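Quick notes on the structure that follows.
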Amino acid sequence: MTAAGIEASLLSLLAVFILAAGVGVFVAKVGRFPYTIALLLAGLAVSILGVEIGLELSHDMILLVLLPPLLFEGAATTDLARFRANIVPILVLAVPGLIISVLILGFAGQFAFGFPLLIALLFAATILPTDPVSVLALFEELGAPRRLSILVEGESLLNDGVGVVVFSALLAIIVETGTDPAALFTPEKLATVGVDIAIASLGGLVVGLAAGYAVFRVMANLDEHMTEIVLTLILAYGSFLLAEHYLHVSGVIATVSAGLFIGNRGAEYAMSPQTKIAVFNTWETAAFLVNTLIFLLIGAKTPVTQLVTHLPLIAVAIVLVVVVRALTVYPLLSLTNLRLDVTVPRSYQHVAVWGGLHASIPIALVLGLPPSIPFREELRAMVFGVAAFSLVVQGLSMERLLDALDIVTRSDEEELYELLVGRARAVDNALEAAEELRRTGAIPPDVYEQFTTEYEAEKDDLNRAISSLLTSHPQIHREELLIGERQVLKREKSAIMDAMRTGTLSDDVGEKLLEEVDLKLSRVNAGESTVTASPDVDGYEEFWRAKAAEFGLDVDAPTENETDREPNG
């Protein structure tokens, strides 16, 4: 690229961020208005006014440049324990749910749109994957309940990998054989497509976990937060490129699984407190900037003229996409509820239907269609039209829907708890930093004493405030108890596995202990704590107590009187 070309690109990028800054100021003044949707509307206004932005919104730019950091940040900030606790409904919607939706919309679309069956199926595979970029941004701004966020975001993070594979298989058939449905609906071809989906999905999972583990091992022996930020950047883009372009499996699933691994196990075992703050703050900033760019460009590059020309097709497509989403979500979640201890309430199902937003992934796919594809202009107009409706109408009405369904977003008490806990963690890190500075001689002892006196006093005040808040709001206390219990039990499990690897524990004893920890985890994931408030009552009777009792050992904890009693003689 020439110097003039670089200068033009920088000026275009600067213009985008100036516009975004104006939108940000507007949102801050107006109040509770989703920033991402405001960006999209600003971009649409730019497109309608005919103002040209010199940045190209292409298939490769979305998939290779913008998508990996958004997927990685979304997965890294997802609570893995909650994700696993809700894995059944997430997987049901993301895999069979998506495939069923594609088939329903494809068969209905050939009549509604007047397309050949394979073209209608191609449109369905393009538009139906729900978009993690949009869902993550919107739910975070609205402060949706954690379990609802996990369900909708988890499906969005996983179904894109399946959607891209289905889209690629259908596109290859159309390019090679045309629009004759006989090329797809043969036992051999259907089996091939099914195997391809399984290989791409499982392959992406393996690549992501392997890459995440490799980076985890490096970070575990390193305490340099700037280098660790670079390592996570390499992981986000590297896992995507390795999977998608070299091993030809799902780059989306690879990036998501890598993000889940490093954001949970990596954060817990391989990052110091300072590193956690640096890494997650960096990724939060990167996701914000990329979100700003992608939503503004989607609006600015929307082909408004084509939307007007194909408005009847777009209107039919919008209705069908929402109806097909409902025809999939309600029956599948009703079936899974029959097998779940903690069911997905009907109100959450309503939000899953209306909150299945479609934007960046579908737009990336439709922008990648080759010119030889029949009905290419119609497909582009329909995808952009559905995306605009999805983001603007569904996105703007999401908060009202949550209110109408009486789904409580973050309460004042929960926001106060987050504030207190966040400040308490900051104080702890400040005390650790002061201790390190004192140890290295960077600050004199009297300054250190002044720091610690001030922060210790604030820490005591914070602890009293948190304790008082948890006492007066037991639902918050219970939620935090379960979260803490999951983390403690995961540490227990890790310690047992380490003892088995080093030979401290035999395999048969270790397996029994692991089985018990897994049983406790299953109870916690079902919302039942194994810890009680009373020291005299066990929330869970561990099996070692029975074994010890068989040998005549007294395993009951001594009372206060017994510990104070003088020994005889």
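Residues in the sequence shown are numbered consecutively from 70, following this note's numbering.
By construction, the Cβ of each residue, glycine as well, lies at the ideal position given by its N, Cα and C atoms.
Because the structure is a prediction, the values reported are computed rather than measured.
Here the alpha carbon of Ser-225 sits roughly 13 Å from the alpha carbon of Ser-326. Ala-107 counts as buried, since no fewer than 16 other beta carbons sit within 10 angstroms of its beta carbon.
Remark: three or more beta-carbon pairs, one from each stretch, lie closer than 8 Å, so the stretch 218–232 and the stretch 137–156 are flagged as touching. Within the model, the alpha-carbon separation for Ile-367 versus Ser-429 is close to 8 Å. Under the three-state reduction of DSSP, Val-392 is assigned to helix. Cβ atoms of Leu-471 and Val-420 come within 8 Å of each other, at about 7 Å. For the pair Pro-443 and Thr-248, the CB atoms are nearer than the 8 Å cut-off.
If you draw a straight line from the Cα of Ile-266 to the Cα of Val-318, it is about 9 Å long.
Straight-line spacing of the CA atoms in Arg-592 and Ala-347 works out to 34 Å. If you check the CB distance, Ala-534 and Tyr-517 do not come in under 8 Å. Rounded to the nearest angstrom, the Cβ distance from Ile-196 to Pro-431 is 5 Å, consistent with a contact under 8 Å. Residues Leu-126 of the same chain have their beta carbon placed closer than 6 Å to that of Lys-370, with the five preceding and five following residues left out of the count.
Only buried fits Thr-301, as 16 or more other CB atoms lie within 10 angstroms of its CB. Within the same chain, and ignoring the five residues on either side of Ser-416 in sequence, the residues whose Cβ sits closer than 8 Å to its Cβ are Leu-474, Asp-475 and Ile-476. DSSP places Asn-155 outside both helix and strand once states are collapsed to three, so it counts as coil.
In the structure shown, Glu-611 adopts coil according to DSSP, grouped into three states. The Cβ-Cβ distance between Ile-565 and Leu-550 does not fall below 8 Å. It is roughly 53 Å from the alpha-carbon of His-294 to the alpha-carbon of Gly-621.
For Ala-144 against Leu-329, the beta-carbon gap comes to about 5 Å, under 8 Å, which counts as contact.
Counted as a single uninterrupted DSSP element, the stretch harbouring Arg-408 is not any alpha helix (DSSP H), since DSSP gives it neither H nor E. Secondary structure of Met-340 (DSSP, three-state): coil. Buried is the label assigned to Thr-397, since at least 16 other Cβ atoms lie within 10 Å of its Cβ.
Taking C-beta separations shorter than 6 Å and ignoring five residues to either side along the sequence, the partners of Ile-363 in its chain run Leu-135 and Ser-429, following chain order. A straight-line Cα-Cα distance of about 18 Å links Gly-281 and Ala-269.
With respect to the C-alpha of Leu-191, the residue from Leu-239, Glu-527 and Thr-296 having the closest C-alpha is Leu-239. Ranked by Cα distance from Arg-445, the options Gln-375, Val-385 and Glu-468 are led by Gln-375. Contact between Leu-187 and Ile-242 is confirmed by a C-beta separation of about 7 Å, below the 8 Å threshold.
Counted as a single uninterrupted DSSP element, the alpha helix (DSSP H) harbouring Asn-228 occupies residues 215–246.
Contact between Leu-311 and Val-276 holds: their C-beta atoms lie close to 6 Å from each other, under 8 Å. With distances taken between CA atoms, Arg-547 lies nearest to Thr-599 out of Ala-111, Thr-599 and Ala-433.
In this structure, the straight-line span from the alpha carbon of Leu-172 to that of Leu-139 is close to 29 Å. A straight-line Cα-Cα distance of about 10 Å links Val-96 and Thr-105. The C-beta distance from Glu-597 to Glu-353 rounds to 33 Å, too long to meet the 8 Å contact threshold. In the DSSP assignment, Ala-511 falls outside any alpha helix (DSSP H), carrying neither H nor E. Restricting attention to alpha helix (DSSP H) runs no shorter than 4 residues, the stretch 311–356 encloses them at 320–330, ordered along the chain. Going by DSSP, Ser-416 is part of the alpha helix (DSSP H) stretching over 415–423.
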